[in-house]
Structure formats: structure tokens, C-alpha cells
Amino acid sequence: MKDAIALLRRRETGRFDFTHRDIALSDVDELLVGAGLRFPTFRMIRDGKGCSIDAICTDDLVRPQQVYSHLRDGWTLVLDQLHRQWGPIGKLNRRFETALAARCRVDVLVVPDGATPPAHPHLERVLLCLAGDAGVRVDGTEHRLAEGQALVLPRGTVMEPLPAVGLTLVAVASIDRVTWREVLIAALEAADAPAWHDAIDLDAAGPKTLSESEQATWDQCVEAVQDKLDAEDALEAIASRIVRSRMPVLRGQLEMQKRPIDDNTPLRRRPEILYRIVEDETHTNLEFHTHAVQFGVGARNVLELIAEAPLFRPGDLPGIPVEQRVPLCAALIRYGFLTLDVTR
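What follows is the structure, given as C-alpha cells:
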């Protein structure tokens, strides 16, 4: 996905080829028949209108036969945020998140022959054709995507979906990157000034005309904004919130519980983990999904080794008491930050 990441960073529309092993229509079959999907993790759409849930569900549980029937009648199946349930799509989702430090969601669409899938406006998108033939029109140019081809669409791109050719499977990765509006809101939330708490007398009957004292208070508020807002602090707060809100990566936990570790056990960080190492005057924190593990001042070097080394062993960790090295690594395995290096 390096080509996709490069295009997203440059805010450019562009095509690229990708490898899509283990992502096929047969996997969707398995999800429908054997995984017990429940609403609202899926829905069906035709001509911009949604299908009645009762027509494809019983007590919110999918009725595969009815889904297949609706597909034959031209309804598109939308599997919402499938990265939460389907391993290959989850890996794809995390690759975008870790490369761009952004929120991402991946939806999968099964589009019948001749049907037009719904548009995905506003956000940056990556359209990946997993099977069949998908098409979109961008700025008057038609793009047809065969199996294994993808298209990057920057934020705000006007995109018109075109009818599918044959039964088509498409993944849509929506990238929700931080905007300057979010930075401004985060900075306002972190800052404060006495004038901001003064009450305002509203005139519900018509437009409000500010008195001289109210205008003076407003001027004080504006001055406080200029004096107190700090973009770097706001970006730090947003980054921390994004990192700690990501879903845990726990695949393989049961198997790893069967293999106790010691000072010589090879370990590595899970590559799909989004993390931060943050220092202040009293602590060094390792932040990742739902966790903030606290260490003493000066622990950055050992945390960087844990997070960035291609391979390390608990016995290699400097600055950590010998008796604490294995328990620390075991905890980071349980939290989903580290994994056993099964390739060695």
C-alpha cells in the first residue's frame, strides 16, 4: 500500500495495484452463513434507499437466504466497519491508521451486476476492487477498476459511482484525518480565560446588538484566544486521543499463553500498533490502544528499544531491574503491544 499512502500524503487522485490474498467473495459467504452477523453490522441499499431490516433479519440476526435473494434483485450488500470482524480487512485498516496516524474505517460492498453502489462523500477514500469490475467517474474521467486495482480519492473529490460489471466486491477505506478545525477546538478546550465565563444577555426576538461593555468583553475573549491557544499542545492532545482510542490487537493471545517467556525469548512490537512515547517532568508514558503504561523519568531509551527494535529479548533491556524485565514484557504481550517472534 505504499503507493496509496504516498498519494494520500500528496492529496492526489491516483491508481495503484495491490495484493489481496485471503479477501474474496467466498469469505463474504462464510461471514453470512457461518459468522452470525447481526444488524447494524450490515445493510442493503438499492437506488439510494435502504432495505427493511425485517426483510433480511430475524431478531437482528442475518437471514442469508434473504440476503442472497436481494442481491439477485439488484440490492447492494454493505458490510459496515468490517475491519472489526475480518482479519485481512482489519490489517488493511491498521496499515492506513499507522502510516497516516489517522482514524480509518473499512466498509465492504457486494455489488450485483449492473447495480450502482452508494457514494462516499467528504472523507478521503481508497477504493479497492477485490473481485469483479467497479467503476467511478471523477471530474469527468471514468475509472474502471479490475480485481486487484485501487483508486485514491482525496478529501472533497466529487465522485460518481458507475454500475458494476459482474458481481463485484469492493472495499472502501475512509480516512478521517485531523483538520485545523479540530486543532482549534482542542486548543479552545484546553485554554481558559475569566472573560469566557461572563454571562450574555440574549435577545430572543431579534438580532443581538452588543453594548460597549459587551463589545469590550468580546475583545478580551479574542485577545485571550490569541494569547492562550497553543497549536502544539492541541496537536499533542489530539494525537494522544487518537492513539488511545484505537481497538486492541489481541490476535494470538491464547496461543501465546501456552508459551511462557524468559530472558531469552525473542519479542517484537506488533507492527500494526499505533503508539506514542510521551515524557513530562515526572514520568515517561507509553501510550497505545486503551492503555498508558507509566515509567520513570528517563525511560525513553528503553521504550524506544521495545517499540522500534526488529527483535529484542527481555534480558536485553537496559535500565530495567532484572527481576522486572520478564513481568514487564509479559504485561505488554497481554495488552497487545508485543508479540512473540514466531519466525525465529
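Sequential numbering of the sequence shown, starting at 753, is according to the numbering used here.
Every residue gets a Cβ at the ideal spot worked out from N, C-alpha and C, and that includes glycine.
Cutoff 7 Å; reference residue i; Cβ partners in own chain excluding five residues on either side
{"i": "Leu784", "result": "Val814, Pro816 and Val819"}
{"i": "Leu823", "result": "Leu829, Val862 and Pro864"}
{"i": "Arg846", "result": "Glu1024"}
{"i": "Gly1067", "result": "Asp1015, Asn1016 and Arg1077"}
Residue burial classification, residue i (beta-carbon count within 10 angstroms, cutoff 16)
{"i": "Asp806", "result": "exposed"}
{"i": "Val1049", "result": "exposed"}
{"i": "Trp932", "result": "exposed"}
{"i": "Ala957", "result": "exposed"}
{"i": "Ile952", "result": "exposed"}
{"i": "His1035", "result": "exposed"}
Residue i - DSSP class collapsed to helix/strand/coil
{"i": "Gly866", "result": "coil"}
{"i": "Lys801", "result": "strand"}
{"i": "Ser778", "result": "helix"}
{"i": "Phe1047", "result": "strand"}
{"i": "Arg907", "result": "coil"}
{"i": "Phe848", "result": "helix"}
{"i": "Asp769", "result": "strand"}
{"i": "Glu912", "result": "strand"}
Whole-Å CB distance - residue i paired with residue j, under 8 Å assumed
{"i": "Phe1040", "j": "Val974", "result": "Actually they are not in contact, since the Cβ atoms of Phe1040 and Val974 sit about 38 Å apart, beyond 8 Å."}
{"i": "Leu1026", "j": "Cys1081", "result": "With 8 Å as the limit, Leu1026 and Cys1081 do not qualify as a contact, their Cβ atoms being about 20 Å apart."}
{"i": "Leu875", "j": "Asp928", "result": "6 Å"}
{"i": "Val858", "j": "Val924", "result": "7 Å"}
{"i": "Ala886", "j": "Val922", "result": "5 Å"}
{"i": "Val888", "j": "Pro913", "result": "6 Å"}
{"i": "Leu760", "j": "Val904", "result": "6 Å"}
{"i": "Arg993", "j": "Leu1090", "result": "In fact, because the Cβ distance is near 23 Å, the residues do not count as touching under 8 Å."}
{"i": "Glu1031", "j": "Arg1052", "result": "6 Å"}
Contacting residues, own chain, Cβ-Cβ under 8 Å from residue i (five flanking each side not counted)
{"i": "Asp985", "result": "Ala939 and Ala942"}
{"i": "Glu1056", "result": "Ile1029"}
{"i": "Thr1095", "result": "Bear in mind that a pLDDT of 47 at Thr1095, under 50, signals an unreliable position, so the number given afterwards is only what the model happens to contain. Answer for Thr1095: no residue qualifies."}
{"i": "Lys843", "result": "Glu1024"}
{"i": "Ile990", "result": "Val930, Glu934, Val935 and Ala938"}
Cutoff 6 Å; reference residue i; Cβ partners in own chain excluding five residues on either side
{"i": "Gly1088", "result": "Pro1000, Val1001 and Leu1002"}
{"i": "Arg855", "result": "Asp928"}
{"i": "Leu969", "result": "Note that residue 969 is Thr in the sequence shown, not Leu. Within the same chain, Thr969 has close Cβ partners Ala947 and Asp950."}
N- and C-terminal bounds of the alpha helix (DSSP H) containing residue i
{"i": "Leu1084", "result": "Val1074 to Arg1086"}
{"i": "Glu984", "result": "Ala983 to Ser997"}
{"i": "Ala886", "result": "It is not in any alpha helix (DSSP H) - Ala886 instead sits in the beta strand (DSSP E) that spans Glu876 to Val890."}
{"i": "Leu1057", "result": "Arg1052 to Glu1060"}
{"i": "Glu975", "result": "Glu964 to Lys980"}
Beta strand (DSSP E) segment containing residue i, residue limits
{"i": "Leu759", "result": "Unbroken run through Leu759 is the alpha helix (DSSP H), Lys754 to Arg762; no beta strand (DSSP E)."}
{"i": "Ile1029", "result": "Arg1028 to Glu1031"}
{"i": "Val935", "result": "From DSSP, Val935 is part of no beta strand (DSSP E) but of the alpha helix (DSSP H) over Trp932 to Ala942."}
{"i": "Arg1020", "result": "Leu1019 to Arg1021"}
CB contact below 8 Å: residue i versus chain D
{"i": "Leu1092", "result": "The structure shown contains no chain D, having only a single protein chain."}
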